[in-house]
Amino acid sequence: MKLQMHSIHFDADQKLINFIQKKADKLDTYYDQIIDGEVFMRLDKNDKSENKIVEIKLNVPGKQLFAKSQNDSFEAAADDSVEALRRQIKKFKEKLVIAKQ
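The sequence shown begins at 438 in this note's numbering and counts up one residue at a time.
In structure tokens form, the structure reads like this:
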């Protein structure tokens with residue numbers, strides 16, 4: 438799956454980008470018609486330790502899926518976002534099956 442990576446207010450290292458790409462590629466096993474996606478990694482300016490935000494947008498035929506997560510590391514936030522998208526994809530596929538009946 439083609440993902441555009443955007444790191445806002447910092448430079449993401451290649452290891453982080455590869456980690457998120459690998460996690461997101463697993464979504465293809467749930468739905469193989471994902472067109473593309475965008476990932477936004479952002480540092481929130483606050484005093485809390487959970488200041489890393491990952492937002493993922495996926496384009497599927499006829500719809501756009503979105504998940505956002507805030508955590509103390511980009512890896513954990515990416516895990517949460519990918520898991521949320523996995524649940525959305527499963528719901529989306531169920532609706533497609535019902536609509537075809």
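Ideal placement from N, C-alpha and C gives every residue a C-beta, glycine not left out. Just so we're clear, the structure is a prediction, and the values are computed from it rather than from any experiment.
Here GLN525 carries a helix assignment [DSSP, helix/strand/coil]. Across the structure, ILE457 and TYR467 are spaced so that their CA atoms are roughly 17 Å apart.
Distance between ASP473 and LEU440, taken at the CA atoms: about 6 Å. In this structure, DSSP gives GLN538 a state outside helix and strand, which the three-state scheme calls coil. Counted as a single uninterrupted DSSP element, the beta strand (DSSP E) harbouring LEU480 occupies residues 473–480.
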